[in-house]
């Protein structure tokens, strides 16, 4: 391994002696200066992965005679089958674990993609939505689960190589994904059920599916905007921007915060950027909804979309949402430039209208009002800083008991230790600690930590973000904190047999749209819940990321 040139405080021996406040403060200072410090090869990998998505789309479209060539791209990009295959290919790409939250920016290196291996491995850990349901329940993957998932992959792949697509071609996929979901609720989330699957429903239920597809895409943007109507979003933009490896200007990085390094609340500049982002997520759908043909309104709407997704892509954000943003850009052009004349009122199918009403209106409303009950993905609350999340604290070497489960990859920090010099591995892991605690809701960690550790020094624990525990145990994760809650804690306790005090988990729920409090819980793997309470947004805003205990 090459010699490290990072801050000597990240040397493992020095780092191990530091308490919570010291670690978080050093981590935050380093994060503002250079983000998570991911090596450039990691970003190159994501560029290659995005190129694979685009190249794969060209390839699968080429099964239709006269289509798929780069030289005649302008002649076929707006054809219906090109759009259908874009979403079919994206569905396969995501459900196999090659999309969001995969690769180095998703905390996966060895290997960079785990989902399809995990889902095809009998005996691996799963989270069935109904644990006691015959055939589908339990917490270990059965051969039935494996066969259903394999059949889903086959059905998606089959449609991609067909020269023409008919409504009945989508039926096996529409049947198989809910069946897979009965066995493991992570699979529909991985398949992006709220976006990709919704598009497939449109393809199945209506000959004039473009109208339904327009409603799906408009809802994605609109509800993303609604999710930003929280003070928490002001913290997201400077944290995302500070992690941008293309932003070399140190002064500008520091200007994103009130007073670096002592006050890391978002500055006026950062708040202005956040408001601009919220504006774009509302402006895009509320402009494009009125587009019926070429003209200034169409141009303005597409400009909003380009600014919105272009800003996200240019920041190279944690979570690796590149493919989804590119797909959304293509959807905007196909639906509102390629087919502006299709009326939103021409859905033409009562079953589809009912589905769209439920999936695009009822579920997001309920998810925003009761976020503890519905996944943020189904609620379309993307990258708002208002997520359920959890922190796992392993006392001593107790995390090594996780080797007892069937897992494709170890915890993220263990992967980093194999790839990077010791100090660099600590530095990158610390970047994720900073990422969590700099967010407004992440400041619950310091508030509740003394209860979780029962007064023991933080140095005695290995801190692991719940995202990384879910990724290791379930083979997939994408900001869905509910995957790492009491259910997973109970499953891992059954498999690993932790002693009392060896694993403590802090779980935090999202803020309801009309509320200003966060519900938190502390649980022990063996004995269950220890305590719970509520924290107000004002209380959290008064804290610094490294504050420990009540102020």
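In the numbering used here, the protein residues as written are 7 to 557.
All C-beta atoms, glycine included, are put in the ideal place defined by N, C-alpha and C.
Note that this is a predicted model, so its numbers are computed, not measured.
Asked: Residue 62 to residue 301, Cα distance in whole Å?; Found: 33 angstroms
Asked: So, do the stretch 326-344 and the stretch 264-279 have three or more beta carbon pairs nearer to each other than 8 angstroms?; Found: no
Asked: Considering only residues of the stretch 410-473, which uninterrupted alpha helix (DSSP H) runs meet the minimum length of 4 residues and lie entirely inside it, listed in chain order?; Found: 418-425, 428-444 and 450-459
Asked: Near residue 204, which residues of its chain fall below 7 angstroms by C-beta distance, leaving aside the five closest residues on each side in sequence?; Found: 222 and 365
Asked: Who are the Cβ neighbours of residue 523 in its own chain at under 8 angstroms, not counting the five residues just before and after it?; Found: 517, 540, 541, 542 and 543
Asked: Which word fits residue 424, buried or exposed, when buried means at least 16 other C-beta atoms lie within 10 angstroms of its C-beta?; Found: exposed
Asked: Could you tell me whether the stretch 484-497 touches the stretch 380-398, using the rule of 3 or more Cβ pairs below 8 angstroms?; Found: yes
Asked: Assuming residue 226 and residue 201 form a contact by the criterion Cβ under 8 angstroms, report the distance between their Cβ atoms to the nearest whole angstrom.; Found: 6 angstroms
Asked: Rounded to the nearest angstrom, what separates residue 253 and residue 259 at their Cα positions?; Found: 8 angstroms
Asked: With residue 42 and residue 15 assumed to form a contact (beta carbons below 8 angstroms), what rounded beta-carbon distance in angstroms separates them?; Found: The Cβ separation is near 16 angstroms, so there is no contact.
Asked: On the criterion of 16 or more Cβ atoms from any shown chain inside 10 Å, does residue 410 qualify as buried, or is it exposed?; Found: exposed
Asked: Check residue 7 in the structure and name its three-state DSSP category.; Found: Any reading at residue 7 must be qualified, since the residue scores a pLDDT of 47, below 50, and its modelled position is unreliable; the value itself is stated next. Of the three classes helix, strand and coil, the one that applies to residue 7 here is coil, per DSSP.
Asked: Out of 458, 110, 51 and 470, which has the shortest C-alpha to C-alpha gap to residue 533?; Found: 458
Asked: Among the residues of its own chain, which have a CB less than 6 angstroms from the CB of residue 246, if the five just before and after it don't count?; Found: 321 and 323
Asked: Could you tell me the distance, in whole angstroms, from the CA atom of residue 152 to the CA atom of residue 65?; Found: 28 angstroms
Asked: Looking only at its chain, what residues have a beta carbon closer than 7 angstroms to the beta carbon of residue 472, apart from the 5 residues adjacent to it on each side?; Found: 395, 396, 397, 398, 487 and 490
Asked: Taking residue 354 as the reference, give the member of 49, 214, 339 and 18 with the closest Cα.; Found: 214
Asked: What does DSSP give as the partner residue(s) for residue 265 in the beta ladder?; Found: 269
Asked: Going by DSSP, what residues sit across from residue 534 in a beta bridge?; Found: 530
Asked: Would you say residue 127 and residue 412 are within 8 angstroms of each other, going by their C-beta atoms?; Found: yes
Asked: Measuring straight from C-alpha to C-alpha, what distance separates residue 20 and residue 109?; Found: 29 angstroms
Asked: Shortest alpha-carbon distance to residue 341 belongs to which of 68, 46 and 92?; Found: 92
Asked: Got a sec, what are the start and stop residues for the alpha helix (DSSP H) residue 52 sits in?; Found: 46-67
Asked: Residue 510 lies in the beta strand (DSSP E); which residues open and close that run?; Found: 509-514
Asked: Once the 5 residues before and after residue 51 are set aside, which same chain residues still bring their CB inside 8 angstroms of it?; Found: 109, 110 and 118
Asked: Which residues does DSSP pair with residue 397 in a beta bridge?; Found: 471 and 512
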